[in-house]
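Novice: Input: one structure, supplied below.
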Amino acid sequence: SICTLEFEDQRPFYDWLLDHLREGGLINSPQPRQYEFARLNLTYVITSKRKLAQLVNEKRVSGWDDPRMPTIVGLRRRGYTPEAIQLFAERIGVTKSDSWIDYSTLEGCLRDDLDPKAARAMAVLDPVKLVITNWDELHGTGKLDDCSAPVHPHHPELGRREFKFGKELWIEKTDYEDVPPKGYNRLYPGNKVRLKYGHVIECTGAKRDDAGQLLEVHATLLPDTKSGTPGSDAVKVKGVITWVAAADAVQAEVRLYDRLFAVPQPDTGDKDFLEELNPDSLKVVTAYVEPSLASAKPDEKFQFERHGYFVADRVDHAPHQIGGEGKPVFNRVAGMKDSWGK
């Protein structure tokens, strides 16, 4: 009999019963033995079924399969694989010491499982338009350039994904600064960067509204710098950024899930556990993703380059969906690295 430590006090009664059953000839000798082990305490998580039911019943989460819930159906919708959970169990082992396992250990197992097999893709989660001001001059009005990238950098047999490059692109807002902080190697006036799998550009400035909000970033393209072509590395740059072309980008809903609780050991103090919920455990954004993701199937996992790992969700589980029917929906599984570490 295998059980958690709180049953250790009950072992004398358990053994007494077995002794009498054996003496009465009702069980064989040697008789069963009870082994106790410490329960799994995972930081930022509660596992009490009563309290998880309270979260569901009070609609603090969308259901038992909410990707923030530590249930099998919740973990599956979040993008966790059986292999990642098995690896986690192997790494933490079995102990009689009552302790807390850091959530980053579970995320680390997931990354180790997904990294060698998740297809890569580019996505822009906080988009601003990038305009290549000399595109028409170099390539012609309305023309598009064909670009490609491997589905997985270490598995060429999986093929390549195709996408366009044109005058207007989407990039992350954080990839531009009017006045760059120290060590910033992305876009700012006068700086050159490579658009990954595309061309080298030089930033010429940006357009803002009256309130100072960033509306557009402007840049010029440097000829003969397309990735994979002869002489493309003649221009040296320190920064490489991801992008998607406005011409073939697919609009998607992306749900940025984070940990359900804001404290490492919820429900262990005097506070009501509901007061320790993380108010930022879910953020929903409208993103632009590369065209290869338009046909993503439910439960299919991807690494969004720079952003982390994401899983395609089922559209029928889209209570926060922004926009039209059939729009791809992706749940964030984990970032590229632990952001909650000490």
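Everything in the sequence shown is counted per the numbering used here, starting at 2 for the first residue and increasing by one. Just so you know, even glycine gets a beta-carbon here, dropped at the ideal spot from N, CA and C.
Leaving out five residues on either side along the sequence, give the residues of the same chain with a beta carbon under 7 Å from the beta carbon of residue 259.
Specialist: Around residue 259: 279, 281 and 282.
Novice: Buried or exposed for residue 58, please, with buried defined as at least 16 other CB atoms from any protein chain shown within 10 angstroms of its CB.
Specialist: exposed
Novice: Would you kindly check if the distance between the Cβ of residue 122 and the Cβ of residue 285 is under 8 Å?
Specialist: no
Novice: Residue 320: buried (16+ other C-beta within 10 angstroms of its C-beta) or exposed?
Specialist: For residue 320, the predicted model reports a pLDDT of 42, less than 50, meaning its position is unreliable; a value from the coordinates is still stated below. Exposed is the call here.
Novice: Inspect the beta-carbon positions of residue 102 and residue 267 and report whether they are closer than 8 Å.
Specialist: no
Novice: Rounded to a whole number of angstroms, what is the C-alpha to C-alpha distance between residue 318 and residue 136?
Specialist: Here the model assigns residue 318 a pLDDT of 44, short of 50, so the residue's position is not dependable, and the following value carries that caveat. Each residue's alpha carbon lies about 41 Å from the other.
Novice: Using three-state DSSP, classify residue 321 as helix, strand or coil.
Specialist: Here the model assigns residue 321 a pLDDT of 41, short of 50, so the residue's position is not dependable, and the following value carries that caveat. Looking at residue 321 - three-state DSSP - the assignment turns out to be coil, as it is neither helix nor strand.
Novice: Check whether the Cβ atoms of residue 109 and residue 310 lie closer than 8 Å to each other.
Specialist: no
Novice: Excluding the 5 residues flanking residue 298 on each side, which residues of the same chain have their C-beta closer than 8 Å to its C-beta?
Specialist: Excluding residues within five positions, the ones whose Cβ falls inside 8 Å are 313.
Novice: In whole angstroms, give me the CA-to-CA distance for residue 335 and residue 17.
Specialist: 49 Å
Novice: I'd like the list of long-range same chain contacts for residue 3, defined as Cβ closer than 6 Å, with 5 residues on each side in sequence excluded.
Specialist: Cβ within range, chain order: 36.
Novice: Measure the alpha-carbon distance for residue 247 versus residue 67 and round it to whole angstroms.
Specialist: 32 Å
Novice: Output the residue ranges of the beta strand (DSSP E) runs that lie fully inside the region 131-167 and measure 3 residues or longer, sorted by chain position.
Specialist: 146-151 and 161-166
Novice: Would you tell me roughly how many angstroms separate the C-alpha atoms of residue 160 and residue 95, rounded to the nearest one?
Specialist: Between residue 160 and residue 95, the C-alpha separation is close to 42 Å.
Novice: Name the two residues that bound the continuous alpha helix (DSSP H) containing residue 84.
Specialist: 83-93
Novice: Classify residue 250 as buried or exposed, calling it buried when 16 or more other Cβ atoms lie within 10 Å of its own Cβ.
Specialist: The residue is buried, with at least 16 neighbouring Cβ atoms inside 10 Å.
Novice: Does DSSP classify residue 221 as helix, strand or coil?
Specialist: strand
Novice: Who are the near neighbours of residue 146 in its chain, counting only those whose CB is closer than 6 Å to its CB and skipping five residues on each side?
Specialist: 166
Novice: To the nearest angstrom, how far is it from the Cα of residue 10 to the Cα of residue 23?
Specialist: Each residue's Cα considered, the two are about 22 Å apart.
Novice: Do you know offhand how far residue 184's Cα is from residue 40's?
Specialist: 45 Å
Novice: Which residue's Cα is closest to the Cα of residue 131: 337, 244 and 186?
Specialist: 244
Novice: So which of 196, 55 and 148 has the shortest CA-CA distance to residue 292?
Specialist: 148
Novice: How should residue 107 be labelled, buried or exposed, when 16 other C-beta atoms within 10 angstroms of its C-beta is the threshold for buried?
Specialist: buried
Novice: So residue 74 is in the alpha helix (DSSP H); what residue range does that whole segment cover?
Specialist: That run of the alpha helix (DSSP H) goes 73-79.
Novice: Could you tell me the distance, in whole angstroms, from the CA atom of residue 345 to the CA atom of residue 38?
Specialist: What the structure shows of the chain is the stretch from 2 to 343, and residue 345 is not part of that stretch, so it cannot be assessed.
Novice: Return helix, strand or coil for residue 128, following the three-state DSSP convention.
Specialist: strand
Novice: Take the Cβ of residue 73 as the centre, count every other Cβ of all protein chains shown within 10 Å, and call the residue buried at 16 or more, exposed below.
Specialist: exposed
Novice: Given this structure, state the Cα-to-Cα distance separating residue 169 from residue 230, to the nearest angstrom.
Specialist: One C-alpha to the other measures close to 22 Å.
Novice: Got a sec? Which residues, its chain only, sit under 6 Å from residue 257 by beta carbon, not counting five neighbours each side?
Specialist: Cβ neighbours of residue 257 beyond the five flanking positions: 284 and 333.
Novice: What is the DSSP secondary structure of residue 12, counted as helix, strand or coil?
Specialist: In the three-state scheme derived from DSSP, where H, G and I count as helix and E and B as strand, residue 12 is classed as helix.
Novice: Going by beta-carbon coordinates alone, are residue 134 and residue 205 separated by less than 8 Å?
Specialist: yes
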